[in-house]
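Since the structure comes first, as structure tokens, the remarks are kept for the end.
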Amino acid sequence: GRMPTHQAGTAGRDHNPDGFTCWMMGAGVKGGVRHGATDEFGRRAEVHPTTVWDFYATVLHLLGFEHEKLTWYHNGLDRRLTDVHGHVIQQILA
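Numbering-wise, our numbering comes out as the position in the sequence shown, counting from 1, plus 112.
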């Protein structure tokens, strides 16, 4: 998402990682469900804060992948697209 306010010294608004919108539909996703909400200014998630890692974990789950086992080796470590923070958002699954 975008910041809800104009930023000093710029001609526009920067990215807002603390409050964003994503539409999901299709097999495995509940219809008509809203998950989470931001504060009154749209600045920060207040209800069910969800990370991009949670989103990745949920999409991978819907595609049939186990996100915790989907890794690649980099700099001596097994890395995950969902990092260690990603969790499947069960509340939106059908």
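Ideal Cβ positions, reconstructed from N, Cα and C, are used throughout, including at glycine.
List the DSSP bridge partners of residue i.
i: Leu205; result: Val141
i: His186; result: Leu189
What do you reckon, are the CB atoms on residue i and residue j nearer than 7 Å?
i: Asp162; j: Gly148; result: In the sequence as displayed, the identity of residue 162 is Thr instead of Asp. Yes, they are a contact pair.
i: Leu172; j: His179; result: yes
Of all the options the options, which has the alpha carbon lying nearest to the alpha carbon of residue i?
i: Val164; options: Gly121, Gly138, Cys134, His118; result: Cys134
i: Val200; options: Ala206, Asp190, Glu158, Ala169; result: Ala169
i: Thr194; options: Ala123, Pro116, Phe167; result: Phe167
i: Gln203; options: Val159, Arg114, Ala120; result: Val159
i: Val196; options: Met137, Ala206, Lys181; result: Lys181
i: Leu175; options: Arg191, Arg146, Met137; result: Met137
Any 3 or more C-beta pairs closer than 8 Å across the region 153 to 160 and the region 114 to 129: They touch, by the three-pair rule.
Beta strand (DSSP E) runs contained entirely in the region 113 to 181, provided each spans 3 or more residues: The qualifying runs are 157 to 159.
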